[in-house]
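Chains as they are written, first to last, in our numbering: chain A, 1427 to 1555; chain B, 2 to 117; chain C, 427 to 923; chain D, 1019 to 1962; chain E, 41 to 212; chain F, 42 to 130.
The beta carbon of each residue, even a glycine, is placed where N, CA and C say it ideally should be.
None of the values given here were measured: they were computed from a predicted structure.
Take a look at the structure set out below.
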Amino acid sequence: MADVLIALLLLVGAFFGLVGSWGLVRLPQTMQRLHAPTKATTLGVGGVLLASMVYFGWVRGEWSIHELLITLFLFLTAPVSAFMLARAWLHRERGRRRATLPRPGASGVDWGVYQPPPEESGNGVEARR
Amino acid sequence: MEVLFAVLIGALTAAGVYLCCLRQVFPVVLGLSLLSYATNLFVFVAGRLTLGAPPIWEEGVTRFADPLPQALVLTAIVISFGMTALLVVLAIRARFEAGAERSDAPAVTERPEVER
Amino acid sequence: MAHLPVLPVLIPAVIAAVMVALTRQDVVLARVLAFASAAAQLAVAFLLLAAVREGEVLVYRLGDWPVPYGIALVADRLSAAMVLLTAAVGAVLLFHAVCAWDRRGRHFHPLFQFQLMGIHGAFLTGDFFNLFVFFEVMLIASYGLMVHGGGAARLTNAMQYMVVNLIGSTLFLFAVALVYNAAGTLNFADLALRVPTVPASDRGILMAGGVLLCVVFLLKAAVVPLQFWLPGAYGHAPGVAAALFALLSKVGAYALLRFALVGLGWASLTALEPLAWLTLLVGALGVLAAPTLGVLAGFAAIASIGVLFVGLAGAEAARLGAGLYYLVHSTLTGAALFVLADLVRSARRKEGDAVLGGQDFAGRALLGAGFFLTAIAAVGLPPLSGFVGKLALLRSIPLEGGAGAASWAFVLVTSFLLLLGLSRAGSRVFWKTQGDEAVATRGLEAGGVAALALLLAGTFAWSLAAEPALAYFTRAAEALLEPGVYVQAVTGAGVFR
Amino acid sequence: MGASAIVALPLLGAILPPLFARAGRTPALLAALTPSLAALALLWGQGAAVFSGEPVVALAPWVPSLGLEWALRIDGLGFFFASLILAIGVLIFIYSRGYLAGNESLGTFYAYLLLFQGAMLGVVLADNLLLLPVFWELTSLSSFLLIGFWRHLQDGRRGARLALAITGAGGLALLAGLILLGEVAGTYRISELAARREVILAAPLAPVILALILLGAFTKSAQFPFHFWLPHAMAAPTPVSAYLHSATMVKAGLYLLARLWPVFGQTDAWDAWVTGVGAATMLLGAVIAFFKDDLKALLAYSTVSHLGLVTMLLGLGSPTAVFAAMLHILMHATFKAALFMNTGIVDHETGSRDLRRLGGLAKVMPGTAGLGTLAALSMAGVPPLNGFVSKEEMLAEALAIRWGDGWLLWAIVVLATIFSAAYAFRYFSALFFGPLRLPEGRRAHDPPALLWGPPLALVVAVVVLGLWPGLAEPLLVAASASAAGSGRAWPELALWHGFGAPLVVSVAAFVCGAALVWRYPALSRRALAWALPLDGRRMFFAAQTGLARGAHCLVVRLHSGVLGRYVLLLTGVSLVALALGWGMGEGWRPQRPPTPVNGLAVIFVAIALVAIGLVLRWHQERLRAVLLTGAVGLVVSLAFLHASAPDLALTQIAVEAVTTVLLLLTLFFLPQHDAASLPKPRGAAVVAVLAGLVVGLLAWVMMRNEAPTLADYFWSRSVPEGGGSNVVNVILVDFRGYDTYGEITVLGIAGLVIYALLQGMQEGVARKNLHAWRFPFALSATRHPLPFAVTARVMLPFLLTAVVYVFLRGHNAPGGGFIAALLVTLAFLIQYMASGLSWTMQRLRLDAHLWIGMGLLVAGATGMAAMVFGAPFLRSAHGEVPVPGIGPVALASAMGFDLGVLLTVFGAVTLALVQLAFLGRLAGFAPNRTPMDPVRPRPSSEGG
Amino acid sequence: MSVRARLRRWLPHPALSLLLTLTWVALQNEFAAAQWLMGAILGVAIPQLLRPFWPDPPPVRSWRAVLAYAAVVLWDIAKANVQVAGWVLLRRPETLRSTWLVVPLKLRIPEAITLLAGTITMTPGTVSCDLAADGSALLVHCLHTDDAAATVAEIKTRYEARLVRIFGEGEA
Amino acid sequence: MIEVAAWVALAAFGLGVLLCAWRLWRGPDLVDRVLAMDTLTVNVIALIVTWGIWQGSSVLFEAALFFAMIGFVSTVAFCRYVLRGQIIE
Ligand code: NA
Ligand code: NA
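Given below as structure tokens:
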């Protein structure tokens, strides 16, 4: 029973992990590829970590929730990584893509990557010197 | 496995030496990093390869990796980290005092600007 | 008393740590601590010397672990003398430091203490990986002292010095790995016991490591063709640092002796004789070509290393002993030359330490006299210790065979070249002046002058003390050539006393 | 004792004149005279003993094992020379007082003179073969100071250096010769050498020894072809010339020849070389002297000639020739010193010493003219002056050689005699007689007594010794006896020896000499036409310049400053070393079975190889290169993990992260691309590949090699004696804790140096450049994106919990102080990146220096605690501490040590990173105190 | 000083303290008293030490809402994973209609915004890319959607509304 | 069964690593490369955990955590560099 569960979790993890990496190779646009790591992170690593938990607890009798911590860490950090990567890309592509990018809505407000936050632009301390 | 390690070490060494020959500091720093990987691995494999047997004592276990080279490598890693940090900072300072980032110095027979 | 061998390391280490933690703003307190440390180190070094004078070998097993599993410190005649030399030079240079250098940048005093700690540690350790560690302590402190005060030339040269030494450290580790792989030990004495038992098939690994380690030590010692880093680096370093560095190359020579003669059990280093000649030649020619007094001092240091290795490349105790005697001399003289270059650099506003005539400057006569004496010592003219050193060396080298004659010729001819170079430099800097009125220059740094005077007094005293000193070092050399007592003492060391 | 005092008085007394010079010039003179006169008194006090053939000896050990001892011995020869040195010295001192201008440092001058005097005395009194060169070199050194006394004159400086170089080089040769001589003889006592003559001469090294010693003597005494330094030493103040070149320094070589005459004299090699060189010098010097217009040059070459004369006599091989040599040394000293002083007076009074501008001075300075003329006549060998006496003896000795053996010598001697008469005649006739000629606007008259007194005394001696030469006989006999053996019949000294060949030659010389002077103008034109192009000084300085230039080229080539070349050289040498070392073994075969390969390892190594390749290809794109280097580091860390080194893997990966941050912090301030135009050193690729091959091969060999290790000991003792089951950690904090102590010291120092370096950029050029510097790329607007900042806040407490965990478990499982330190650093680093430097620093209130210092102290104190209990540094203790309600808790003192590690590493790394980040402020980037963009809109308790 | 204030002073974030204690015990994998004690010590000490780093965490109004939210998100992750795997594996990449979405934000609490952005990213198919300079909207990249407005609406109802319930926002 | 599954998982993540490496090589943008590194790290974590199951050893746990950490730190650092030049400002 445990064996089946573990094997299943492993296979699920392997499958989604591979799909994530495959997407990284296959998808043509950078922003599309940015979706890859979330896949690998969530079900990919998640599956494997669950498998590990079950394996060590059930099969070897050493219950451990270490893996949960890794999962949590990854869930916590992956969005930030993606956010920063996206911002970096938006910044590098500012010349080409800015026009096609939708605006946030309110007039005069742009995305954070292109516009300083109100407080700072107000007192003019932004940028160098 | 030994061959793989050897190839890795060799490649790291070759690349490290090559980068250290370049005329600016930054590639030299990268070269030294690669060299230090090579060194760490080299010292490590002086204790030979033992797979799946970390030197963490357990009752009844008789197969274990030689812990001594590992301890030596740890020391070496730390030291080389400190050195790298110092070198890059020195590179920055030199760049802003000398006006350019170069790994070359004037030949010793050139008379430097008078300074303290 | 039982802890004597570890104290030379611990005293500067603790004092430096206290300085780092407490005296960041308070230079005066740092100075007080520095002098206290110097006094303590001197006292300990004297006690250590007294303890090993009769040939005892003190073994201090750190953590009480037996050799070769733990690290052992070993004090014998040679290492005790080196420790005393370090403590003495360090103490003398403090005078220079406190009046000029310790305010020109941050953290001078802790770095100075760490430098001494590293040198002491390298001299005292009986373990060649630990030697690596203390080399690094010594080197990183030296980088810090070398860049002290800044300046483009200094920084770029320091960077090269650093890169070269980092590669040297890499080689050191490669060598340690090879030796450990074949011999299974890191201790000099234990290695001495194991080397004969290493099967012929594994000797290649062992010796590849062994010879590579020798190369590393030769690099530190700045023996040709591995001298290239020294003149630029030392020549542009702050004087007080460069003066202290006069010790660093000696550490390389010392380690080479320990490793090759004791660890590997080689009968002698005669193979190095040609390198010693070349070193002498390059150093002497460099003195002729040097554009500044700092670089000149660097080349003079290389030349003195050449002389030193002419001695160390011998197979007879007398010759090694003469070399070791010369080692002390060259440390004092090298330090004096660097201090002098520094004093000139800071006294002459326009020309610095360039080997050029210029306007008269404050303290010219005094510094000129100092240079004259230092040059006498460096060339090896009487009555300073360079003369006795070279005399002892020549007397210990039998003229039979080409090598002996060549050594004589190199020592004498390069002495002549040094004489040319130093007289040329000295007459330009101190004689070729325009106008007799001293123009407004920076004042003379009294502490530097004091350090210079002490160093010169040291070479004079060393010359007078030549007889006992030579006897001492000859016995130390005997222990290197016949390391049985050392090996026995270290490997058979009982529990902690 | 007396002998020592004679040498020591002038040497130690040298400090007196500078002290007394403050009181005035006369006190300075008295201060200089006192030690000299005292020494003279002491010397003459020994006269009785010496003349009775009982040498006075002083002995003290110095380095007996080398044969070097303080051995002085006053015998006849020594007494003779010492008397000359001291007596003429006294006159010179007095003369100098009048000669040196008021603004010149007379005290220093006297000090140098006294040093020189002491050194000279040492040379002639030393009875030790190694002590003699000590004083010998001291004379070279002190004469260097004297010759260069007028340091502002280029001629003075160059002359001094020339003299030092030649005599110093000779001194080195001499030293070598004397060392060998002592070794061959089996004694370093000079006085014992004569008895070992046979042994010495039979030694195979004898020719070498002789050559080296003669080199020393000839250079010092300015013998051909080393004569050229002497005339250039004339740039010295005239008293110096008078002293050094009449009576003392140049005579040191002659003294040495006389001293060693009992050992080497009357051997073929000695006779041939000494006579030959002496005769050649004698002729050459005389001829050149005749054509010199500069009075001092004339006297200088005449000195060369006279030195050659004495040298020749010492080579003739007969004791009577030695006697003649001694005689001439004495006579020459008197008239030549007088002549130099006379020239000095002329120079002093007229401002010139050029014969082309001077003439007829007898009209305005009759006293000077009288003294000069008498001395010059003596130099010419005109009776009844003392020069005649010694010249007669010389001619007698020279002409005593059989014609068949010596016709060339005869010819030389006769020619030289003619020319020496000629230049002597020319000296006084051209200078003092004929129409008065003076440099424009100068008036001249006889000088004050201080200047004419000393030459007068000497001229009196010239006359007295000419009329009654017998007065000097005891002295000369004693001297000759020491040199050539006692109990011989010495020539009777008399003014009149009757008619003989010498007299004929003399008379002929006067006639011919006068004729030469008469025909001087024509001759000099012709002489100028075939003037020897061989100017020794020019050759010397050309050689020196050439040498310096060659040295320069060599040095530049060896120290080019091109780092790449250094690296290649070092690598090349190391490869050679490895090859040499490997060659010392034989027949290595793989001993361990290979470890099976798995596919993942292949994948990762392949990735690493590609990444390495890409780093090489793209290293110019620095940011990309950093990323790829990180990939390589990842693989290395995995390799450790895979090969049973979890601690290493953790450390490597953590260091990797910090290093990446560090490199990025650095790259911000550096160019973003490598400059493409800089050429690589040639051969870099080849050497690098070779190094890679060799290192890879060696690594493979090590892995397949079987040999004993220390592993078993650590494995078995780690738990019972080290108190931890992570053996690597136990080694780090216990077995080899001392390494770790050094290691954290290194890291601490790195932090301090980085701090010092970056703090130093707050001023000077660095600050200016930093301020002018621009980052090449456009920057995004916002700084601290909100999601990142929030996530960082949430993560921090959990990361710190993990830090505690990693730290505490380190002794038993992978982890420990170092890894924990990096982890905590990373945790705060995330905070710094997320919310900025100012905000985080304010909250951390971190004095990294304190952390470093405390860490080192804690680690040290833990180690030293053992010392309190009488155990060695770093002796650990461990055990279980019962805690009520909880049970026993395992504790190891090593944990304290590990805590020190943690503190130091954390402090150092943080210090480095924060300082580096702080540099942006210096570059003009405004600080940002808001921790997230956009700022949370709700009013909050944040301190801002 | 009131008990509550005192408690507040020692336990600035009680939930955090609890979590840390649990984390410690989880890390140790050992449920002995000593570990709970140590965990508790850390749970008190670390938030104390780090108090300035997280000055005023928003109180959670409803822990039940948190659980519900977690369940929804986990389910969405699983669902979206399958869906996106299908796109990546089966569709020709050119046929993917990737678009930018603008999600106007009602949320103002940074923690809540972060959570929303994180959720969006962790459910495959959407990545939150930037925040408006004034924090009023979130920029989301969608790997493939036929109806952008619907996706935005789903985000707002499925996630943002629940977050509003958790943190009690909306009045702002 | 577990072994087979673990083997499959190892192969899959191994392949995943290779795919990431390919992206690391091809780029084209720096962001792609950083992304590739990030994903590679994630795959490595999965590999480590799977390897732990394969080996039956839990000693690798911290390593996985550390890899997660470095993946995050370096990704964020590179992004910050692209965005602001100064990764700590
Ligand atoms: Na073997
Ligand atoms: Na997503």
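Range of the contiguous beta strand (DSSP E) that encloses residue i
{"i": "C:LEU499", "result": "498-501"}
{"i": "D:TRP1080", "result": "1074-1081"}
{"i": "C:THR757", "result": "Per DSSP, C:THR757 belongs to no beta strand (DSSP E); it is in the alpha helix (DSSP H), 743-773."}
Cβ-based burial, residue i [other Cβ within 10 Å; buried from 16]
{"i": "E:VAL142", "result": "buried"}
{"i": "D:ALA1318", "result": "buried"}
{"i": "D:THR1338", "result": "buried"}
{"i": "A:ALA1553", "result": "Note that A:ALA1553 scores 39 on pLDDT, short of 50, meaning its location in the model is unreliable; the coordinates nonetheless yield the value given after this. It is exposed - the Cβ of A:ALA1553 has fewer than 16 other Cβ atoms within 10 Å."}
{"i": "B:THR14", "result": "buried"}
{"i": "F:GLN96", "result": "exposed"}
{"i": "D:SER1958", "result": "In this predicted model, D:SER1958 has a pLDDT of only 40, less than 50, meaning its place in the structure is not dependable enough to derive any value."}
{"i": "F:SER84", "result": "Per the sequence presented here, residue 84 of chain F reads as Asn, with Ser not at that position. Looking at its Cβ environment, which holds 16 or more other Cβ atoms inside 10 Å, F:ASN84 is buried."}
{"i": "D:GLU1087", "result": "buried"}
Assumed close pair residue i, residue j - CB separation to whole angstroms, cut-off 8 Å
{"i": "D:PRO1255", "j": "D:LEU1118", "result": "7 Å"}
{"i": "F:ILE128", "j": "D:LEU1682", "result": "5 Å"}
{"i": "C:ALA578", "j": "D:ALA1569", "result": "That pair is no contact at about 26 Å."}
Endpoints, alpha helix (DSSP H) assigned at residue i
{"i": "C:GLY636", "result": "626-647"}
{"i": "A:GLY1439", "result": "1428-1452"}
{"i": "C:ILE593", "result": "578-609"}
{"i": "C:CYS525", "result": "From DSSP, C:CYS525 is part of no alpha helix (DSSP H); its letter is neither H nor E."}
{"i": "D:GLU1415", "result": "1404-1417"}
Checklist entry - Residues in the stretch 59-74 of chain F with C-beta within 7 Å of chain D's C-beta atoms, listed in sequence order? => result LEU59, ALA62, LEU65, TRP66, LEU71 and ARG74
Item to check | Under 9 Å (Cβ pairs) to chain C, residues found in the stretch 39-52 of chain B | outcome: ALA39, THR40, ASN41, PHE43, VAL44, PHE45, VAL46, ALA47, GLY48 and ARG49
Item to check | Runs of alpha helix (DSSP H) lying entirely within the stretch 448-509 of chain C, each at least 4 residues, in chain order | outcome: Here the runs fully enclosed are 453-478.
Next on the checklist: Output needed in chain order: residues of the stretch 73-101 of chain B with a Cβ under 8 Å from some Cβ in chain C.
Outcome noted: LEU73, THR76, ALA77, ILE80, SER81, GLY83, MET84, LEU87, LEU88, LEU91, ALA92, ARG94, ALA95, GLU98, ALA99 and GLY100
Checklist entry - Any residues in the stretch 1796-1822 of chain D with a beta carbon nearer than 8 Å to a beta carbon of chain E? Which ones, in chain order? => result Answer in chain order: ALA1799, THR1800, PRO1803, LEU1804, PRO1805, ALA1807, VAL1808, THR1809, ARG1811, VAL1812, LEU1814, PRO1815, PHE1816, LEU1818, THR1819, ALA1820 and VAL1822.
Checklist entry - Got a sec: which bits of the stretch 106-121 of chain F sit with their beta carbon under 8 Å from any beta carbon on chain A, in order along the chain? => result Within the stretch 106-121 of chain F, LEU106, ALA109, MET110, GLY112, PHE113, THR116, VAL117, PHE119, CYS120 and ARG121 place their CB atoms closer than 8 Å to a CB of chain A, listed in sequence order.
Checklist entry - Closer than 7 Å, Cβ to any Cβ of chain F: which residues of the stretch 1844-1873 of chain D, in chain order? => result LEU1844, LEU1847, ILE1848, TYR1850, MET1851, GLY1854 and LEU1855
Item to check | Members of the stretch 83-95 of chain F that neighbour chain A once the beta carbon cut-off is set at 8 Å | outcome: VAL83, ASN84, ILE86, ALA87, VAL90, THR91, GLY93 and ILE94
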